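Peer 1:
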Amino acid sequence: MKEVLPEDGVIRKLWIGETAKYREHILRLDPESRRSRFAGGVSDDFVRHYVDLTAGLETVVHGFFVGGMIRGGAELRPLGPHLPDQAEAAISVEKPWQSHGVGSALLRRTLLAARNRGFQHLHMACLAENRRMQQLARKFDAELSFDFESVVGEVAASRPTPMSLMRELMSDHHGFATAMLDLQTRMLRA
Ligand SMILES: CC(C)(COP(=O)(O)OP(=O)(O)OC[C@H]1O[C@@H](n2cnc3c(N)ncnc32)[C@H](O)[C@@H]1OP(=O)(O)O)[C@@H](O)C(=O)NCCC(=O)NCCS
Numbered sequence: 001m002k003e004v005l006p007e008d009g010v011i012r013k014l015w016i017g018e019t020a021k022y023r024e025h026i027l028r029l030d031p032e033s034r035r036s037r038f039a040g041g042v043s044d045d046f047v048r049h050y051v052d053l054t055a056g057l058e059t060v061v062h063g064f065f066v067g068g069m070i071r072g073g074a075e076l077r078p079l080g081p082h083l084p085d086q087a088e089a090a091i092s093v094e095k096p097w098q099s100h101g102v103g104s105a106l107l108r109r110t111l112l113a114a115r116n117r118g119f120q121h122l123h124m125a126c127l128a129e130n131r132r133m134q135q136l137a138r139k140f141d142a143e144l145s146f147d148f149e150s151v152v153g154e155v156a157a158s159r160p161t162p163m164s165l166m167r168e169l170m171s172d173h174h175g176f177a178t179a180m181l182d183l184q185t186r187m188l189r190a
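Numbering (our numbering), first residue to last: 1 to 190.
1) Per DSSP, which one or two residues make a beta bridge with Gly73?
2) Between the segment 65-85 and the segment 3-17, do at least 3 Cβ pairs fall closer than 8 Å?
3) My assumption, with CB atoms under 8 Å, is that Ile26 sits in contact with Val4. Please give the rounded CB distance.
4) Say whether the segment 24-43 touches the segment 76-85, bearing in mind that this needs 3 or more beta-carbon pairs closer than 8 Å, one atom from each stretch.
5) Should Thr161 go down as buried or exposed, given a rule of 16 or more other Cβ atoms within 10 Å for buried?
6) So Arg109 packs on His62, CB below 8 Å; how close in whole Å?
7) Counting beta carbon pairs with one atom in the segment 84-97 and one in the segment 120-139, are three or more of them shorter than 8 Å?
8) So what does Ala114 bridge to, in DSSP terms?
9) Kindly indicate which residue of Ser33, Arg23, Ile16 has the alpha-carbon position closest to the one of Leu127.
Here's what the structure looks like:
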C-alpha cells in the first residue's frame with residue numbers, strides 16, 4: 001500500500017508521548033478548518049482538553065508526519081461498551097497540505113482500522129456545507145455509505161479478514177521503519 005504523499009510525508013499511528021505534537025497540529029489549524037473539524041467554533045482551551053481526553057481513551061490516531069511534525073491527523077474513537085459496533089471518526093489536515101491526497105490516505109487508514117475492530121457505524125460530525133469532506137467520503141463509496149443528514153457512515157464489509165489485518169500490520173511496520181530512518185537522518189544532520 002504505497003501512497004504518494006506530499007514532501008515525503010508518512011502516515012503512521014501515534015506513539016505514546018506524541019500527544020503534544022497532535023495537540024499542536026490541531027491548534028495550528030486555520031479558523032475555518034478548525035470550525036469544520038469540530039462542526040463549530042471552539043477555543044484553544046477546548047482543543048487542549050479535547051486532545052488530553054483523546055489520549056486517555058482507546059482512540060486510534062493516525063498522524064501525517066512531515067519532518068517530525070504532525071500536519072494531518074485522523075481519529076477513530078469507540079463510542080463505548082454500550083455501543084460496541086459504533087465509533088466516531090474525525091480528520092484534519094493543515095491548509096498548506098490540503099488537496100494533496102492526505103485526507104484520502106488518512107480516511108483509508110481509518111476505515112481499515114474500523115473494519116479490523118469490527119465497527120459497523122462511523123459517526124462524523126460534519127457541517128452540511130463541508131463539501132470537501134463530503135467529496136472525500138464519496139471517494140470511499142464502496143466501503144462507506146454516508147448519510148450526511150444524520151452524519152453516520154456505515155462501513156460495508158466490516159468483518160476483519162486475515163488480509164485486512166495483514167494490511168494494517170504492514171502499514172504499522174512500514175510507518176515504524178520510516179520513522180526510525182527519519183530519526184536517524186535527523187540525528188546525523190544535528
Ligand atoms: C476535509 C479534509 C480532511 C480533506 O483533506 P484533503 O487532504 O484536502 O483531502 P484530499 O486531498 O484527499 O481530497 C479529497 C477529495 O476532496 C475533494 N477536494 C479536494 N480539494 C478540494 C477543494 N479545494 N475543493 C473542493 N473539493 C476538494 C476532491 O474530491 C478530492 O478527491 P480527488 O483529489 O480524488 O478529486 C481537509 O480539507 C480538512 O482538514 N478540512 C478541515 C477539517 C474538516 O473539515 N474535517 C472533516 C470533519 S471531521
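We treat Cβ as the ideally placed atom computed from N, Cα and C, and that holds for glycine.
Predicted model only: the values in this text are computed from it and were never measured.
Peer 2: Quick answer:
1) In the sequence shown, residue 73 corresponds to position 73, counting from 1. Its beta-bridge partners are Gly63, Ser92.
2) yes
3) Locating residue 26 in the sequence shown gives position 26, where the first residue counts as 1. Locating residue 4 in the sequence shown gives position 4, where the first residue counts as 1. The Cβ separation is near 25 Å, so there is no contact.
4) no
5) For the purposes of this step, residue 161 is taken as residue 161 along the sequence shown, with counting starting at 1. By the 16-neighbour rule on beta-carbons within 10 angstroms, Thr161 is exposed.
6) Start at 1 with the first residue of the sequence shown, and residue 109 comes out as number 109. Start at 1 with the first residue of the sequence shown, and residue 62 comes out as number 62. Sure, about 5 Å apart at Cβ, within 8 Å.
7) yes
8) Counting from 1 along the sequence shown, the entry for residue 114 is found at position 114. Note: Ala114 sits in no beta bridge, so no partner.
9) For the purposes of this step, residue 127 is taken as the residue at position 127 of the sequence shown. The option with the nearest alpha carbon to Leu127 is Ser33.
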